[in-house]
Amino acid sequence: MTSADDVGKTILRNKLLGRWAAEKLGMTGRDAEVYSDALARGTVDPERSDVFGKIRKDFDAAGVVESDERILHVMTEFMLKAGNLMPTAQGDSLDAAAVTLARKLMLP
1 MTSADDVGKT ILRNKLLGRW AAEKLGMTGR DAEVYSDALA RGTVDPERSD VFGKIRKDFD
61 AAGVVESDER ILHVMTEFML KAGNLMPTAQ GDSLDAAAVT LARKLMLP
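Going left to right, the sequence shown walks through residues 1 to 108 as my numbering numbers them.
Next up, the structure:
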């Protein structure tokens, strides 16, 4: 990731992806939110940034049948959606949005 734009989009994509994966795993409510927040937090943590690997491992452990191609397709769809949801203005507003989301997700 090379900019705050990329970081913000990836955090949002991982949040959306986490919600999708949580649903597939049968999680609801608080459990689903905790799972999706953990994936989003992983965006800025090099040790946990492999969201595809995490989801693949979790799906396999839970017996969820989804192909690698399907997971990658959903990741791409959510990246496009995240790009559309991010503010379009350059500079402060986009940087602030990315930083605010990252800070919120980093809270214990």
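Where is the CB? At the ideal position from N, CA and C, for every residue including glycine. Predicted model only: the values in this text are computed from it and were never measured.
For residue 71 and residue 52, the gap between their C-alpha atoms comes out near 7 Å.
About 5 Å separates the beta carbon of residue 9 from that of residue 82, a gap short enough to meet the 8 Å contact definition. Taking C-alpha positions only, residue 75 is separated from residue 15 by approximately 11 Å.
Linking residue 62 to residue 31 through their CA atoms gives a straight-line distance of about 15 Å. DSSP, reduced to helix, strand and coil, places residue 25 outside both helices and strands of the structure shown, so it counts as coil.
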